[in-house]
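In our numbering, the protein residues as written are 29 to 191.
Written below as structure tokens is the structure these notes are about.
Rendered as structure tokens:
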């Protein structure tokens, strides 16, 4: 399994914290990917300097020929991955909201609808409003997954909110 391509999108969409990159690099080595910067990154502790971690990650991707997508593409792929996660019952509607990034931009009507409905969530929604919002988000997620040509290749990002 190639973890680096999906991680590049997550990195650009700002849903992949720098402290996770050394372990990601270690897994990539185990998966058969190898480069000097990847080995160096895999050897760093999680609490290393974030700038050093980021620089090594970007260098490793370059050495391995894994391109960093532009922000728009990364954000759109994040939207699709969240829609796929919701459609496949891997994520709850609340988890989708928690995992959205500020860098997400919508370009298609389906992306705009999904993002708009997700943005309507409020922790102060009444018990009567919540089921309707969840159903609307699931419907928008399904519409997005069947209409996109982006694929779900970035994987489902983990929550940035710590318990």
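For glycine and all other residues, C-beta sits at the position ideal for the given N, C-alpha and C.
Expected contact under 8 Å - CB spacing of residue i and residue j to nearest Å
i, j, result
"residue 106", "residue 86", "About 19 Å; that fails the 8 Å criterion."
"residue 91", "residue 65", "5 Å"
Span of the alpha helix (DSSP H) around residue i
i, result
"residue 149", "Careful: residue 149 lies outside any alpha helix (DSSP H) and carries neither H nor E."
"residue 90", "78-92"
"residue 175", "157-175"
"residue 123", "121-127"
"residue 66", "64-70"
Residues of its chain near residue i, where Cβ-Cβ distance is below 7 Å and the 5 sequence neighbours each way are ignored
i, result
"residue 146", "124, 125, 128 and 165"
Residue burial classification, residue i (beta-carbon count within 10 angstroms, cutoff 16)
i, result
"residue 118", "exposed"
"residue 50", "buried"
"residue 173", "buried"
"residue 113", "buried"
For residue i, three-class secondary structure by DSSP
i, result
"residue 109", "helix"
"residue 132", "coil"
"residue 36", "helix"
"residue 58", "helix"
"residue 138", "helix"
"residue 188", "Only weak support is given to the placement of residue 188: the predicted model assigns it a pLDDT of 46, under 50, and the value that follows is read from those uncertain coordinates. Coil, per DSSP."
"residue 118", "coil"
Same chain only: Cβ atoms within 6 Å of residue i, ignoring 5 sequence neighbours per side
i, result
"residue 97", "37 and 40"
"residue 168", "141, 142 and 145"
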